[in-house]
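The listed protein sequences derive, respectively, from chains S and W.
Using the numbering used here, the letters of the first sequence map in sequence onto residues 1 to 184.
Using the numbering used here, the letters of the second sequence map in sequence onto residues 185 to 368.
Every residue, glycine too, gets a C-beta built ideally from N, C-alpha and C.
Nothing here was measured: the structure is a model prediction, and the numbers come from that model.
Presented below is the structure to which this report refers.
Protein chains: 2
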Amino acid sequence: MPEHKRIDPRALRSKKMLKDAVFSLLADHPEISQLTVQKIAKRAELNRATFYLHYEDLNDLLRQIVHEIFDDLSMKVEPLLQLKSESEQEQLVTFLSYFYEYRQVFAVLVEHPGFKKHLSNLLKSTIEKRREARNINSAKGVASVDIVSSSLLGVIMWWIKDGTEYSAEYIADQITLMYKREYL
Amino acid sequence: MPEHKRIDPRALRSKKMLKDAVFSLLADHPEISQLTVQKIAKRAELNRATFYLHYEDLNDLLRQIVHEIFDDLSMKVEPLLQLKSESEQEQLVTFLSYFYEYRQVFAVLVEHPGFKKHLSNLLKSTIEKRREARNINSAKGVASVDIVSSSLLGVIMWWIKDGTEYSAEYIADQITLMYKREYL
DNA sequence: TGCTTTTTCAACACAGTGTCAATAAAATAT
DNA sequence: ATATTTTATTGACACTGTGTTGAAAAAGCA
């Protein structure tokens, strides 16, 4: 059975080359502010007009890159919460180690507005699922999900930007030390 | 006795008008990405060349604005830590209420690179002073100052950006609920 | 008053954005 | 295999913004 949505391989190739060009440029100079459509098209060896054939503007491209990374990340995190075999501390370490994989890319993309929203949503849904699994109902002496997730977001952002020398295990330990038991 | 540093009142006036123009533009459109030297000069009713007479570029101006705000903020926080009369919870509320004052400006300036560094430094030194006052020596089962400050930074950034409907008292309560006693 | 500094103004070269029309090339359909 | 559709290239265009410069006007100072 043939696909109903047949996509021109040229369009696919162009989009891939443009995305790869972004990572190539960021590897050269890890500053999101240095990215321009002009540079990306040049690095991809495509015409600048071709860029606008596939993306609205620079932010549109970055938005899609961030979206794809978080789709991948969410898929990995999902089954982790089902596993009862692992201890809660091990679960936390595994969760953090997924971020560790992406740390170079994340350290740059974190400046993009959409990134924090995605990360925040992932943290919130993860916290909610863990609360359900442990029958912790909120609103009775338990900090709100917004507060806990924003707090964790702060730690992770510091980690991938300025604390890259620390392992996922170390960060997990520190988090365990800091929060009350209900939040781990 | 005359001042040794006599500054031309015209220069003072121009710098003030440029800074005021920034706040005026941000009030119209709270997006740091919308700020341009061109718009600032126009709003200040000054020539664009005059801008470059006083500031290197847009970032230089924003850097100075952020610096001035944090000088003011630091001056207010300093004596707070000396007061033994207030409870620790009251101290936390007062600390947070200083941020509440600046919340509109902060919600925008938080996007500026220098802002997070300043805020992080303020949080770190505040945590260190509170630890000293309570004889909590680190490195023995206590989370590092980096972790605690980045975590608090996350909460504050969420608060001033997406949680502006909550009072300083509410945020202080939530923080109290979330962290272990040693970190409050 | 004269001297100095600041401000203005117009102009310049530059980098980047987003669009368009004409043409070329590649992919798909018949 | 050829015709048709889609995508890509190219050069050009108008636009916004940056940072600098030189000369003239205005304001401050002594």
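At a cut-off of 7 angstroms between beta-carbon atoms, Lys203 of chain W makes no contact with chain S.
Contact residues of the segment 19-41 of chain S toward chain W are absent (C-beta to C-beta distance below 8 angstroms).
At least one CB of chain S lies nearer than 7 angstroms to the CB of Gly338 of chain W. Rounded to the nearest angstrom, the gap between the Cα atoms of Tyr170 of chain S and Ala41 of chain S is 41 angstroms. For Ile331 of chain W, the neighbours in chain S by C-beta distance under 7 angstroms run, in chain order, Val155, Gln174, Met178. Spatial neighbours of Val289 of chain W in its own chain (CB-CB distance under 8 angstroms, excluding positions within 5 residues in sequence) are listed in chain order as Phe207, Leu210, Ile253. Think of a sphere of 9 angstroms around the beta carbon of Val292 of chain W: no beta carbon from chain S falls inside it, the nearest being about 13 angstroms out. In terms of Cβ geometry, Ala356 of chain W and Val292 of chain W do not form a close pair [threshold 7 angstroms].
Collapsing the DSSP output to three states places Tyr179 of chain S in a strand.
The beta carbons of Ala21 of chain S and Arg43 of chain S sit closer together than 7 angstroms. Separation of the CB atoms of Phe299 of chain W and Val261 of chain W is rounded to 16 angstroms, and the pair is thereby denied contact status at 8 angstroms. Not one beta carbon of chain W lies nearer than 7 angstroms to the beta carbon of Ala168 of chain S. For Ser150 of chain S, at least one C-beta of chain W is nearer than 7 angstroms to its own C-beta. Within chain S, no residue has its beta carbon less than 7 angstroms from that of Tyr284 of chain W; the closest one is some 16 angstroms off. Going by beta carbons, Leu265 of chain W and Leu307 of chain W fall outside the 7 angstroms limit. Not flagged as an interface residue toward chain S: Ala228 of chain W, since no C-beta distance is shorter than 7 angstroms.
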